[in-house]
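Below is one structure, written out as structure tokens, with a few remarks after it.
Residue numbers (this note's numbering): 34 to 423.
Rendered as structure tokens:
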């Protein structure tokens, strides 16, 4: 005596043919139910995602971090002086150290020049490149790299930066995009605590700064770890010490002549994702990214030449330095076109895109579909299960 569809008809039907018919119908319904239930479970185990997009208005958007790097990593005058004092091998060490520490000269960046800044809703800068200090061994292009990124994370303008060219005024319109990702099993993002960040991010705590986790910083840390462990050397573009690197296997002795080949092998493995860096470095569950639209125009105009040149000379005077004679002999306008960059960064609109990844098929949907298919084909429900148990 059960409410399961078709089963009571088997016992109540008169005649052999009717009983067999109801048995076949019940078994057929059960088979169809099992087939569809299997498809439902398979769909759930694929953990599909849906992305929700919304536009949110905000009149007080936080301004992003802006990182700018000269394409020339070390001054030519310094390298020339060291070349006269040292031999070739020692000079290579100096170049490596100069490149590695080019962004760490705190005494040159500690004091701000207030006359270069105004109260604006955008960021406008005029940057002097000093082309005469470029080294043909380190830079074959005059300009700078600009990276607009989330505050608190490490910038990588060499990978994600925008090229700025002297003699042009570059306008960079930005739009903020806030991304929310799903945790496993539907997604692969991970929430990193401060301790976790120190273990996988060699930039955390570097340069007396608190650098938050980012997937790219973690991957570069993974690459550096493999270089130190397998080649007994480190890439000069990245930190060579820190908490994240201290547990790297030590004692591996690699002859110096084989280190370049070893570094090449590690780089190839990194490019082919054979170092498992992707598995070790998950995406952040919450991230802010910025899209950029770029426009350029010829700069400076003739009326601006004298005023800008005055600022450059004033800056050299404050540092007790003089502009090189070769530059003083140049036409002022040509000098600015070859050495000065103007860039303006601004929000295109005071709103942001909100992207949120959510499970497209969660547990409640699974239970609902199981109940629907079981009820459709055999009339099975939770109460039916209790009846059978009784």
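Just so you know, even glycine gets a beta-carbon here, dropped at the ideal spot from N, CA and C.
Model, not experiment: these values are computed from the prediction.
Here residue 323 is buried. Its C-beta has 16 or more other C-beta atoms within 10 Å. The stretch 183-191 and the stretch 383-403 do not touch, with fewer than three beta-carbon pairs separated by less than 8 Å.
Under the 10 Å beta carbon count, residue 224 is surrounded by fewer than 16 other beta carbons and is classified as exposed. In chain order, 376 place their CB closer than 6 Å to the CB of residue 158, counting only its own chain and leaving out the 5 sequence neighbours on each side. Rounded to whole angstroms, residue 181 and residue 72 show a C-alpha spacing of 46 Å.
Beta-bridge partners of residue 164 (DSSP): none assigned. Judged by DSSP in its simplified three-state form, residue 182 adopts strand. Distance from the Cα of residue 374 is smallest, within the candidate group 201, 69, 395, for 201. About 33 Å separates the Cβ atoms of residue 172 and residue 230, ruling out a contact at the 8 Å cut-off.
Bounds of the alpha helix (DSSP H) holding residue 262 are 248-264. In this model, residue 89 and residue 368 are separated by some 45 Å (Cα to Cα). Within the same chain, no Cβ atom closer than 7 Å to the Cβ of residue 419 is found once the five residues on either side in sequence are excluded.
Per DSSP, reduced to three states, the secondary structure at residue 170 is coil, with no helix or strand assignment.
In this structure residue 235 touches residue 278 by the C-beta definition: roughly 6 Å separates them, less than 8 Å. Taking 3 residues as the shortest admissible run, the stretch 203-248 contains no complete beta strand (DSSP E) segment at all. In this structure, the CA atom of residue 77 is about 19 Å from the CA atom of residue 65. Within the same chain, Cβ atoms closer than 8 Å to the Cβ of residue 109 are found at 165, 166, 167, 168, the five residues on either side in sequence being excluded.
Of the candidates 203, 53, 378, 273, 273 places its Cα closest to the Cα of residue 257. Residue environment analysis places residue 335 among the exposed positions, since fewer than 16 neighbouring C-beta atoms fall within 10 angstroms of its C-beta. If you compare the alpha carbons of 381, 345, 396 with that of residue 161, the shortest gap goes to 345. Between residue 403 and residue 70, the C-beta spacing is below 9 Å. DSSP places residue 389 in the strand class (E or B) of the three-state scheme.
Bridge pairing for residue 379: 206 [DSSP].
Comparing alpha-carbon positions, the option among 212, 98, 58, 296 lying closest to residue 86 turns out to be 212. Looking at the DSSP output, residue 373 bridges to 161. When the beta-carbon positions are compared, residue 215 and residue 318 come within less than 9 Å of each other. Looking only at 406, 107, 333, the smallest Cα-Cα distance to residue 270 is reached by 107.
Residue burial annotation: residue 68 is exposed, with fewer than 16 other C-beta atoms found within 10 angstroms of its C-beta.
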